[in-house]
Every structure is written in structure tokens, then in C-alpha cells.
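Chemist: Mapping to our numbering: the sequence shown position 158 is 159, numbers consecutive.
Cβ atoms here follow ideal geometry from the backbone N, Cα and C, with glycine treated the same way.
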Amino acid sequence: MSYEVVTLPETLDGGAIDDLTLRFEALRQDAAVRSVILTGAGDHFSSGFEPHAVSPNEAIVHSRRGQALTTAIEGLDKPVIAAINGSAVDGGLEIALACTWRICIDQAEFGFSSTGIIPGFGGTLRLSRTIGKARAHELLLTGRRINSAEALAMGLVNQTLPDRSQLMIEAEEIAHQIARNAPLAIKYALQAINYGSEMPLEEGLKLESALFGLCFASLDVREGTMAFLEKRSADFKGK
């Protein structure tokens with residue numbers, strides 16, 4: 002199978018966060034895995050960290066652990082499809098924001114709780130980069146929850162599905178579509194978007210050119226050209 006399914010617990014303590022980070026670091030090295038589907042283990046996607054009384058220094062340590070996880074997801078160099086099977090709030094939403102695709106059921110809810118803290122897993126940055134500063138201000142400063150229709154309209158999710166079974170069918174179809182494309186081209190496209198979009202235009206263009214050139218050093222580009230000329234499906238090897 003060309004994709005891996007990773008399930009999130011409904012709440013994440015430090016040990017669970019570290020385990021997930023290690024899992025994604027291992028998946029990055031696994032050439033057989035072309036993409037990852039990330040979904041919730043229970044009735045919800047995840048609520049992330051369950052707030053409790055900790056010292057400021059302990060909170061910083063926990064934040065850095067969560068940031069290591071979301072960085073590992075976003076920097077996987079393979080698409081990560083968030084199949085959001087229920088509420089994605091607080092740290093759960095921050096994890097979803099680190100994914101490449103976000104699809105959800107119609108009943109899903111999104112938002113950040115008004116509990117006297119701010120997102121600590123990279124959510125302030127990724128939320129504003131995904132839906133814009135004005136919408137990010139709206140959600141973070143009011144604590145308002147939004148439904149799937151609002152999330153779709155804002156660009157927070159790519160697609161909504163009627164129920165959980167359809168959600169996983171669609172996630173698997175996306176994974177199969179990805180598997181038909183060249184792994185190196187997908188990796189370089191992700192790098193161009195993830196890193197280039199944060200650079201000044203001239204630097205981003207240089208990065209794009211460099212990655213474009215790397216494609217032509219691969220065997221996959223030759224296979225893609227031959228498959229096109231021979232009118233057949235390409236058999237990409239990621240080399």
C-alpha cells in the first residue's frame with residue numbers, strides 16, 4: 002500500500018506527542034510510503050493538549066514538543082491528508098493546519114477555546130497563513146467555533162463529506178492519485194510551496210528554478226517522458 006494511516010488520540014500528552022513526532026520522522030525515510038492519512042481515533046479528530054496547571058517553563062517545553070510534531074508533519078516532504086472525522090479544536094486544529102490537505106465530515110467543528118492561553122503548536126502562524134490575518138484574528142480573539150461550511154468558505158478545509166465512511170474513501174482516493182505521480186516531483190513541489198511562499202519573490206523564484214533543475218536529474222522525468230510518448234501510465238520509482 003502506498004499510503005500510511007496514522008490515528009490521533011483525542012487528547013495529546015507529552016508522550017503521545019513525542020511518539021507521533023518519531024512516527025512522522027520514520028515515515029519521512031520510508032520510500033514505500035507516498036502519502037499519509039491522518040485521522041482521529043475516536044469520535045473527534047483531536048482536541049490536542051488538555052490544559053492543566055503547569056509552570057510557565059513547563060508550558061514552553063510542551064509548546065516546543067508540539068511545534069516539533071507540527072514541523073515534522075509539514076516538513077515530511079510527502080503529502081499529509083487530514084481526514085477530520087469530528088471536532089478539530091485547539092491543538093487538534095493546529096495539527097490539521099500542518100497537513101497538506103484537509104477534508105472533513107459535514108458535522109465537523111473548528112476553533113480555539115477561550116481558556117486564557119493562545120495556540121502553542123504553531124497555530125498562530127499557520128492559521129493566519131491559511132485563512133488570512135483578518136479571519137485568524139476573528140477566530141483567535143473571539144473563541145468562536147465554526148462549522149464545516151464556514152471552514153470550506155474560509156479555505157480552512159479543501160472539501161466536506163457527508164459521513165465518516167465517505168471521508169475515508171475520499172482520503173484514500175486522494176492518496177491513490179498521489180501515488181500515480183512522481184515522488185520526487187511531489188517532494189520538490191511541496192518544498193517550493195512550503196519554503197518558497199515565505200521567501201521574498203526573487204529568492205522564491207531561485208528556489209523554484211533549483212528544484213525544477215533537480216527534477217531533470219531524476220530517472221522519473223525520463224520515465225514520465227517515455228510514458229507520455231508511448232501513451233501508457235508512468236511507473237515512477239522516486240529516483
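Buried or exposed: where does R103 fall if 16 or more other Cβ atoms within 10 Å of its Cβ makes it buried?
Modeler: With 16 or more other Cβ atoms within 10 Å, it is buried.
Chemist: What's the C-alpha gap between G121 and G92?
Modeler: Approximately 8 Å between the Cα atoms of the pair.
Chemist: Could you tell me the boundaries of the alpha helix (DSSP H) in which V62 lies?
Modeler: Start and end: P57 to E75.
Chemist: Does the Cβ of S56 have 16 or more other Cβ atoms within 10 Å, making it buried, or fewer, making it exposed?
Modeler: Per the 10 Å Cβ criterion, exposed.
Chemist: Assign E241 to buried or exposed, taking buried as 16 or more other Cβ atoms, counted over all protein chains shown, within 10 Å of its Cβ.
Modeler: Shown here, the chain extends from 2 to 240; a query on residue 241 therefore has no answer.
Chemist: In angstroms, rounded to a whole number, what distance separates the CA positions of I175 and A27?
Modeler: In a straight line, the C-alpha of I175 is about 22 Å away from that of A27.
Chemist: Which whole runs of the alpha helix (DSSP H) in the region 108–173 are 4 residues long or more, in chain order?
Modeler: Correct list: 124–132, 134–143 and 149–155.
Chemist: Candidates D19, S198, P184 and S115: which alpha carbon is nearest L142's?
Modeler: Nearest C-alpha to L142: S115.
Chemist: Helix, strand or coil, according to DSSP, for C100 in the structure here?
Modeler: Coil.
Chemist: Can you list, in chain order, the residues of its chain with a C-beta nearer than 6 Å to that of P80? Leave out the 5 residues immediately preceding and following it.
Modeler: Cβ neighbours of P80 beyond the five flanking positions: S36, T101 and I179.
Chemist: Under 8 Å, do R146 and F111 count as touching if we go by C-beta distance?
Modeler: Going by C-beta atoms, R146 is nearer than 8 Å to F111.
Chemist: Would G87 and D44 qualify as a contact pair, given that the criterion is a beta-carbon distance under 8 Å?
Modeler: A contact, by the Cβ cut-off of 8 Å.
Chemist: Could you please give me the residues that DSSP links to V37 through a beta bridge?
Modeler: E5 and V81.
Chemist: Judging by CA-CA distance, which residue of S166, R181 and G133 is the nearest neighbour of A154?
Modeler: Comparing Cα positions, the closest option is G133.
Chemist: Count the CB pairs spanning the region 208–222 and the region 164–171 that are closer than 8 Å, and state whether there are at least three.
Modeler: Contact between the region 208–222 and the region 164–171 is absent, because fewer than three Cβ pairs lie under 8 Å.
Chemist: Which class does S210 belong to by DSSP, given the choice of helix, strand or coil?
Modeler: In this structure, S210 counts as helix in the three-state DSSP scheme.
Chemist: Report the option in G49, M169 and A17 whose CA atom is closest to the CA atom of V90.
Modeler: The shortest C-alpha separation from V90 is found at G49.
Chemist: Kindly list the residues whose CB is nearer than 7 Å to the CB of L13, restricted to its own chain and excluding five residues on each side of it in sequence; keep chain order.
Modeler: S47, G49, F50 and G92.
Chemist: Using C-beta distances below 7 Å, list every residue in its chain close to F25, excluding the 5 sequence neighbours before and after it, in chain order.
Modeler: Same-chain partners within the cutoff: A73, I74 and L77.
Chemist: Report yes if the CB atom of E95 is closer than 8 Å to the CB atom of T131, and no otherwise.
Modeler: Their beta carbons are not under 8 Å apart, which means E95 does not touch T131 by this criterion.
Chemist: What's the gap between the Cα of K238 and the Cα of D20?
Modeler: So the alpha carbons of these two residues sit roughly 29 Å apart.
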